[in-house]
Amino acid sequence: MAIKRKWFRLIMVTASVFVFSFCISLGMTMVNNGFTPDFLLVWLRNWLVAFCFAFPASWFLQPIIAHWVHKIKFSD
Numbered sequence: 628m629a630i631k632r633k634w635f636r637l638i639m640v641t642a643s644v645f646v647f648s649f650c651i652s653l654g655m656t657m658v659n660n661g662f663t664p665d666f667l668l669v670w671l672r673n674w675l676v677a678f679c680f681a682f683p684a685s686w687f688l689q690p691i692i693a694h695w696v697h698k699i700k701f702s703d
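So the sequence shown is numbered by the working numbering: it starts at 628 and just counts up by one.
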């Protein structure tokens, strides 16, 4: 499958935020609510909220963080 290079950042940020918001919202829902009868509904709502906050944060902060990390001198 060939995808144009210009879509790389969008795909990478979306996939990362999708996976991390999935894991963190699942863990936080378990910690805060436990396994209640409406667990799935509460978790999916929390996941949507987490994704909506995490995507713009990741989109705007990722280039800044990458710039900082590139300034670090690494050795082999």
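By construction, the Cβ of each residue, glycine as well, lies at the ideal position given by its N, Cα and C atoms.
Remember, it's a predicted structure, so these values are computed and weren't measured experimentally.
Quick check on the burial criterion: 16 or more other C-beta atoms within 10 angstroms. Buried or exposed for residue i?
| i | result |
| --- | --- |
| ALA629 | exposed |
| VAL644 | buried |
| THR663 | exposed |
Taking 8 Å as the cut-off, decide whether the C-beta atoms of residue i and residue j are in contact.
| i | j | result |
| --- | --- | --- |
| ALA677 | SER648 | yes |
| PHE682 | VAL646 | no |
| ASN660 | PHE666 | yes |
Between residue i and the rest of its own chain, which residues show a CB-CB distance below 7 Å, the 5 nearest in sequence each way excluded?
| i | result |
| --- | --- |
| SER652 | TRP670, ASN673, TRP674 and ALA677 |
| LEU668 | none |
Between the Cα of residue i and the Cα atoms of the options, which residue gives the shortest distance?
| i | options | result |
| --- | --- | --- |
| LEU637 | MET657, PHE680, TRP686 and GLY654 | TRP686 |
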